[in-house]
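Working notes for the structure below.
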C-alpha cells in the first residue's frame, strides 16, 4: 500500500490530503487547476515540506520524527514541462539516472530505450527534440532510476494534440508491462479513462481517500457536472438522443 | 622586463584559480539562500567595485602588517608580515577581484534555477552530487566569464598592488606599475612596448570570450 496523510500551508494555500492506494497500477489524481495536485506530488517527493506521514510499501518516507530527503526516497518524477538536463545528450540524461539507480526491479537501459522508442534520439541534445520526444526521454529516465513510486505531473498537458497522441501509447504500454505504481495527475478525462485503474479527486487542497476503482464503475463518476452537461449537449447536437424509456 | 611580465601573469593566474574555488560556494549560497541578510553579504562582496583601490589596498596592508591580529596567527610559523610580499599581492588581488568572480557565477546559478536540481534529486543524486554534476556544468558559462574577467582585471590593477606590494623589482613589480615608472623616467620606448602589449592582450581576451560565448549559445539552441 501507499499511505499518506499530509498537512501544510504553502503561501495562501493549505493542503490537507489523506489516502491509501494499492502499490500497483495507475492511480489518477484529478481535480480543477489550483486544487493542489502539483503541491501534493511535490510533498510526496519531498521537494516541498508538509507535516504528516508518507509510507510506500515497507519504506517510511516521512513521519512525525523523520523526513527522508528526495534523493533517498526512490521516487521518480516526471514534471509537467520538459526537464531534461540541458548539458547532457539524451543518452547522457538516461545514463545519469542509470548510474544512480536503486535496487528495485525496473527496465535495463536497452529495454527503456526500446519501450519509449528512443533508439534514434540517443545522441541528440535535448534542445533538438520535440515536446513529445522530450517527455518520452523524461519518462524513460525516471524508469531507469528504478523508483518505488512514479509521480507524473500532467506529463502530456504541455503537448499539442499530435505529440499527445505520440506519447499516450507508450504510457499505455508502460501500464501493461510494468509493476511500478504510478500516481498520475491529469485533468483530461480521456487520459484518465485510458490509463487509470483508480481515481482520487482533489478539491481546494483537500483530498480524502479511498480511491474510486475504475473498470466496471460508472464512467460518469470521473466527470465534473459541467463536463457531463457538455457531453450531453454534444450528443444532442450530433443527433444522439437518450434511449427510450429513460 | 620579462621578470615583470612573469610576476604579472603569476599573480593573475593564481588570483583566478583561488577566486574560482572561493567564489563558487559563495555565489551558490547567494543564488539559493533565503536568509534575509544575504543581500548584505552580496553588498559586502561588491564593495571593491565602488571603493577606490587605495582604500582597499590600505586596509589589506594593515591587515597583513606585523601588528595585525590576523598576522599574529602566522607568528608561530615564523611569518611576521605579508606586506610587500608576493603572497600579500595575491591576497589583495583576491579581495579586489572578488566581485568579478562572484557576480557572473551567481547569475549563472540563478539562471540554472531550482528545477534541474529537483530533477537530479528525483534521480537519487545527493545535494553534493547534484551541485558538482548538474549545477556546475550548467553554470559553466558563468565560470568562464568570471575567469576571464578576474584574470584581466588583475592584470589591469594598479592602486592595490602599489599599496600592498610596493613595486619591489623581481618580487612585487607588475606590468601596470612598470609602465608608470617608465613614463616617470621618460623612458617612453619601454612604456610603449608594455602598454601596446596590454592593449593587444585585452583585445584578444575579450575577442576570445565573446566567440566562446557565441559558440555556447549556438550549441544551446540546437543544431
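Residue numbers (our numbering), protein chains in the order written: chain C, 27 to 272; chain P, 3 to 225. The beta-carbon is built from N, C-alpha and C at its ideal position, and this holds for glycine as well.
Item: At which residues does the alpha helix (DSSP H) containing residue 40/C begin and terminate?; Value: Note, residue 40/C: premise wrong, no alpha helix (DSSP H); beta strand (DSSP E) at 39-47.
Item: Considering only their Cβ atoms, is the gap separating residue 168/C from residue 104/C smaller than 7 Å?; Value: yes
Item: I want to see whether chain C comes within less than 7 Å of residue 138/P, judged by CB atoms only; does it?; Value: no
Item: Indicate the three-state DSSP secondary structure (helix, strand or coil) for residue 27/C in the structure shown.; Value: coil
Item: From the DSSP output, read off the bridge partner residues of residue 103/C.; Value: 177/C
Item: For residue 96/C, which residues in chain P fall below 8 Å Cβ to Cβ?; Value: 120, 123 and 124
Item: Please report the distance separating the alpha-carbon of residue 61/C from that of residue 135/C.; Value: 36 Å
Item: What number of angstroms, rounded off, separates the C-alpha of residue 27/P from the C-alpha of residue 111/P?; Value: 11 Å
Item: What do you reckon, are the CB atoms on residue 189/C and residue 157/C nearer than 7 Å?; Value: yes
Item: Short of 6 Å in beta carbon distance, which residues of its chain neighbour residue 217/C, apart from the five on each side in sequence? Order them along the chain.; Value: none
Item: Shorter than 7 Å from the beta carbon of residue 117/P to some beta carbon of chain C?; Value: yes
Item: Give the C-beta separation of residue 226/C and residue 53/C to the nearest angstrom, bearing in mind that I take them to be a contact with Cβ-Cβ under 8 Å.; Value: 6 Å
Item: For the region 124-136 of chain C, which residues have a CB atom closer than 8 Å to at least one CB atom of chain P, in sequence order?; Value: 126, 127 and 128
Item: Mapping the DSSP letters down to three states, classify residue 87/C as helix, strand or coil.; Value: strand
Item: Find out if the Cβ-Cβ distance for the pair residue 108/P, residue 33/P is shorter than 7 Å.; Value: yes
Item: Can you list, in chain order, the residues of its chain with a C-beta nearer than 7 Å to that of residue 2/C? Leave out the 5 residues immediately preceding and following it.; Value: Examination of residue 2/C is not possible in this model, given that chain C is present from 27 through 272 alone.
Item: Return helix, strand or coil for residue 212/P, following the three-state DSSP convention.; Value: helix
Item: Where does the unbroken beta strand (DSSP E) through residue 54/C begin, and where does it stop?; Value: 52-56
Item: For residue 165/C, does the count of other Cβ atoms within 10 angstroms reach 16, so buried, or fall short, so exposed?; Value: buried
Item: For a cutoff of 7 Å on Cβ pairs, would you count residue 213/C as touching chain P?; Value: no
Item: Please classify residue 121/P as buried or exposed, where buried requires at least 16 neighbouring CB atoms within 10 angstroms.; Value: buried
Item: What do you get for residue 29/P, buried or exposed, if any count of 16 or more other CB atoms within 10 angstroms of its CB means buried?; Value: buried
Item: Can you find a CB in chain P that lies within less than 7 Å of the CB of residue 103/C?; Value: yes
Item: For residue 141/P and residue 103/P, what's the separation of their Cα atoms in angstroms?; Value: 13 Å
Item: Among residues of its own chain, excluding the 5 on either side of residue 225/P, which ones have a beta-carbon nearer than 8 Å to its beta-carbon?; Value: Unreliable placement is indicated for residue 225/P, whose pLDDT of 41 sits below 50; the coordinate value is still reported in the next sentence. Here the set comprises nothing.
Item: CB residue 106/P to CB residue 156/P, shorter than 7 Å?; Value: no
Item: In terms of residues, what are the limits of the beta strand (DSSP E) holding residue 226/P?; Value: Look at the range of chain P in this structure, 3 to 225, and you will see that residue 226/P is not part of it.
Item: Pick helix, strand or coil for residue 180/P, following the three-state DSSP scheme.; Value: helix
Item: Per DSSP, what kind of secondary structure is residue 108/P in: helix, strand or coil?; Value: helix
Item: From 256/C, 254/C and 44/C, pick the residue whose C-alpha is nearest to that of residue 233/C; which is it?; Value: 44/C
Item: Taking the straight line between their C-alpha atoms, what separation do you get for residue 158/P and residue 116/C?; Value: 43 Å
Item: Considering only residues of the same chain and omitting the five flanking positions on each side of residue 185/C, which have a CB-CB separation below 6 Å?; Value: 157 and 158
Item: Please classify residue 194/P as buried or exposed, where buried requires at least 16 other C-beta atoms within 10 Å of its C-beta.; Value: exposed
Item: Measuring alpha carbon to alpha carbon, tell me which of 208/C, 266/C, 214/C and 263/C ends up nearest residue 49/C.; Value: 208/C
Item: Whole-angstrom Cβ separation of residue 221/C and residue 250/C, contact assumed at under 8 Å?; Value: Actually they are not in contact, since the Cβ atoms of residue 221/C and residue 250/C sit about 19 Å apart, beyond 8 Å.
Item: Out of 107/C, 93/C and 259/C, state which residue places its alpha-carbon closest to the alpha-carbon of residue 180/C.; Value: 107/C
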